[in-house]
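Undergrad: Position 27, counted from 1, in the sequence shown is what numbering that gives the first Met the number 0 calls 26; the numbers after and before it change by one each time, with no gaps.
Following this message is one structure expressed as structure tokens.
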Amino acid sequence: MSAGSPSALTVLRVPRGAAAPNEAALRAAIELDRTRLRLSGNSAARDLRVAGPYHIKVDGQDLDEYVVWDV
Numbered sequence: 000m001s002a003g004s005p006s007a008l009t010v011l012r013v014p015r016g017a018a019a020p021n022e023a024a025l026r027a028a029i030e031l032d033r034t035r036l037r038l039s040g041n042s043a044a045r046d047l048r049v050a051g052p053y054h055i056k057v058d059g060q061d062l063d064e065y066v067v068w069d070v
């Protein structure tokens, strides 16, 4: 993987119109993904990128989806 390539990626979903996940929630989600992938290193020192919100509908529920990755 080249420098600057994402090493962990996750999706967070919240009810449509709810507040976006805060930085602590974003970092916790990335840390969980890094743990699942058995990635080493300090994720707290890594920069996060966030895309969204994207409106989606799952099982009749309107949600906002955020894609989060670390670099």
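Where a beta carbon is used, it is the ideal one built from N, C-alpha and C, also for glycine.
Can you tell which of ARG15, LEU8, SER6 and ALA7 has its C-alpha closest to the C-alpha of GLU64?
TA: By 1-based counting over the sequence shown, the position of residue 64 is 65. Comparing Cα positions, the closest option is ARG15.
Undergrad: According to DSSP, is ASP46 helix, strand or coil?
TA: Mapped onto the sequence shown, residue 46 falls at position 47. Correct three-state label for ASP46: coil.
Undergrad: Pick out whichever of HIS54, ASN21 and ARG48 has its Cα sitting closest to the Cα of TRP68.
TA: Position 69 of the sequence shown, counting from 1, holds the residue named residue 68. If we check each option's Cα against that of TRP68, ARG48 comes out closest.
Undergrad: For ARG33, does the count of other Cβ atoms within 10 angstroms reach 16, so buried, or fall short, so exposed?
TA: Sequence index remark: in the sequence shown, residue 33 carries index 34 (1-based). By the neighbour-count rule (16 or more Cβ atoms within 10 Å), ARG33 is buried.
Undergrad: Would you tell me roughly how many angstroms separate the C-alpha atoms of ALA17 and LEU25, rounded to the nearest one?
TA: Translated into the one-based positions of the sequence shown, residue 17 becomes position 18. Translated into the one-based positions of the sequence shown, residue 25 becomes position 26. So the two alpha carbons sit approximately 15 Å from each other.
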